[in-house]
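Undergrad:
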Amino acid sequence: MSQYGYPPVPPPKPPASGGDIAASTVVLVLTALLLAVAGFFGLFSLAFLDSCPPESCSVEGAVTAVMFGVGAALAVGLVGLVVTVVRLVRRKRGWPVAVATLALCAIAVFLGGVGYVIAVGG
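Now the structure itself:
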């Protein structure tokens, strides 16, 4: 308390880092592009399962692998986007969260692709 009974003025927030905002934005845009490409190729790969021989191929397994991989990557991407934006608003470093989001999305898409290859017997 000051001498007049009012609480002291809090110190000003540090300025936002332009480099951090730029790096976080670039990485999050790359994550969005990864998700868009993964969704396109996932849908494209499922479109040609008509020639899949039933004795060596599981259509249900392929659909599950693609949907799980892309869905998990989308969920991780959304959570990573929100956490990165919150950290940037609070003037904390956001780029490590954005890079981790990109990496986790890439891993989810890769694992979905591995599941697809296993399901179709490739």
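Those letters in the sequence shown? Residues 1 to 122, per UniProt numbering, in order. In this text, a Cβ means the ideal position worked out from N, Cα and C, and glycines have one as well.
1) Where does Val41 sit, in a helix, a strand or coil, going by DSSP?
2) Along the alpha helix (DSSP H) that carries Gly80, what are the first and last residues, could you check?
3) Drop a sphere of 10 angstroms on the beta-carbon of Val120, count the other beta-carbons inside from all chains shown, and report buried for 16 or more, exposed for fewer.
4) Would you check if the segment 37-57 and the segment 65-78 touch, i.e. whether three or more CB-CB distances between them fall below 8 Å?
5) What's the gap between the Cα of Thr25 and the Cα of Leu78?
6) If you measure between the beta carbons of Leu33 and Cys105, is that distance less than 8 Å?
7) Let me know the secondary structure DSSP gives Tyr4 once reduced to three states.
8) Which two residues bound the contiguous alpha helix (DSSP H) that contains Val109?
9) For the 8 Å Cβ check, are there 3 or more pairs between the segment 49-59 and the segment 88-96?
10) From the DSSP output, in three-state form, read off Ser17 for me.
TA: Reading it off the structure:
1) Along the sequence shown, read from residue 1 onward, the residue named residue 41 stands at position 41. According to the sequence provided, residue 41 is Phe. The question's Val does not apply to it. If DSSP states are grouped into helix, strand and coil, Phe41 belongs with the helices.
2) If you number the sequence shown from 1, residue 80 lands on position 80. Here the alpha helix (DSSP H) through Gly80 covers 59-89.
3) In the sequence shown, residue 120 corresponds to position 120, counting from 1. That one is buried.
4) yes
5) The residue labelled residue 25 in the question sits at position 25 within the sequence shown. The residue labelled residue 78 in the question sits at position 78 within the sequence shown. Between Thr25 and Leu78, the C-alpha separation is close to 14 Å.
6) In the sequence shown, counting from the first residue as 1, residue 33 sits at position 33. In the sequence shown, counting from the first residue as 1, residue 105 sits at position 105. Not a contact, by the Cβ cut-off of 8 Å.
7) In the sequence shown, counting from the first residue as 1, residue 4 sits at position 4. Of the three classes helix, strand and coil, the one that applies to Tyr4 here is coil, per DSSP.
8) Along the sequence shown, read from residue 1 onward, the residue named residue 109 stands at position 109. First-last of the alpha helix (DSSP H) with Val109: 95-120.
9) no
10) Locating residue 17 in the sequence shown gives position 17, where the first residue counts as 1. Three-state DSSP puts Ser17 in coil, outside helix and strand.
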